[in-house]
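Encoded as structure tokens, the structure appears first; notes follow it.
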Amino acid sequence: MQRRTEFLEICFNTFCENGLENTGMKKLSEACGVTNAALVYYFGTKNTIVIEATAHCMAKVEDDFMEKAPKNFEDIERFLREMPYLTKELHGAKYRFMYQVYASPKYREYGKEFFQGVNVRYAQYAHQLSGKLGMPEDYVQGMIYLFVRACVHYAMFEDEDYLTLELNAIRASLKAYMHERLREQ
Numbered sequence: 002m003q004r005r006t007e008f009l010e011i012c013f014n015t016f017c018e019n020g021l022e023n024t025g026m027k028k029l030s031e032a033c034g035v036t037n038a039a040l041v042y043y044f045g046t047k048n049t050i051v052i053e054a055t056a057h058c059m060a061k062v063e064d065d066f067m068e069k070a071p072k073n074f075e076d077i078e079r080f081l082r083e084m085p086y087l088t089k090e091l092h093g094a095k096y097r098f099m100y101q102v103y104a105s106p107k108y109r110e111y112g113k114e115f116f117q118g119v120n121v122r123y124a125q126y127a128h129q130l131s132g133k134l135g136m137p138e139d140y141v142q143g144m145i146y147l148f149v150r151a152c153v154h155y156a157m158f159e160d161e162d163y164l165t166l167e168l169n170a171i172r173a174s175l176k177a178y179m180h181e182r183l184r185e186q
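Heads up: the sequence shown begins at 2 in the working numbering, then just goes up one per residue.
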């Protein structure tokens, strides 16, 4: 199982470097240091590699993102300032490849399945963060969606204007939330 996981990660990185169309089984097997037959043994087809590698590695990207999540309410601003740039640096090519895959009619159903899993994982992340941040889970989950979207868009297109608008909307929402919370006390 560990070897299979290693191959998924190597193949995913190879796809990210070369693109879907420019990466065949030969290039994948060379990157993994095995024969085509070995990759066929583990995965069957290139399509299976694309599907499994994308889902596996993008879930790892989410986990990496959450490891850097704010530890408390005061830490949110650090997270907002740092993560878009870290996401671009560490994961920009991965997001570009993921969207290339999941936007393709050939893989769209797998994308729907992956993003249903995203909904579950984001609910779990919101549950983990809710107590740390002192905010309701549904609010945290909504902020996660907005923030991840801002980070991904920035990682893919380096659009500072879009990023600034998204971050300002998140900050305004946090400010309104805190204002309402203080009024309730």
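A virtual CB, placed ideally from N, CA and C, is assigned to each residue, including glycine.
Measure the C-alpha to C-alpha separation of residue i and residue j and round it to an integer number of angstroms.
i       : j       : result
Ile-145 : Phe-80  : 11 Å
Arg-82  : Leu-168 : 9 Å
His-128 : Tyr-140 : 10 Å
Phe-148 : Tyr-155 : 11 Å
Val-102 : Glu-22  : 10 Å
Ala-56  : Asn-120 : 14 Å
Glu-161 : Glu-110 : 32 Å
Leu-134 : Arg-122 : 18 Å
Thr-49  : Met-179 : 47 Å
Met-59  : Leu-91  : 12 Å
Gly-45  : Gly-118 : 24 Å
Ile-52  : Tyr-100 : 12 Å
Val-41  : Val-62  : 26 Å
Ile-171 : Phe-116 : 22 Å
Leu-175 : Glu-78  : 10 Å
Asp-76  : Cys-33  : 40 Å
Ala-177 : Asn-37  : 57 Å
Leu-130 : Pro-137 : 9 Å
How far does the alpha helix (DSSP H) with residue i in it extend, from its first residue to its last?
i       : result
Thr-49  : 47-68
Pro-85  : 77-104
Lys-113 : 109-134
Asn-14  : 3-19
Val-1   : This structure cannot settle anything about residue 1, because the visible part of the chain is limited to 2 through 186.
Asp-139 : 138-158
Glu-22  : That residue, Glu-22, is in no alpha helix (DSSP H); it is neither H nor E in DSSP.
Within 10 Å of its beta-carbon, does residue i have 16 or more other beta-carbons around it, so buried, or fewer, so exposed?
i       : result
Leu-183 : exposed
Lys-113 : exposed
Gln-3   : exposed
Ser-105 : exposed
Ala-54  : buried
Check whether the Cβ atoms of residue i and residue j sit closer than 9 Å, and answer yes or no.
i       : j       : result
Ala-151 : Leu-164 : yes
Tyr-96  : Val-153 : yes
Glu-159 : Lys-69  : no
Phe-66  : Phe-13  : no
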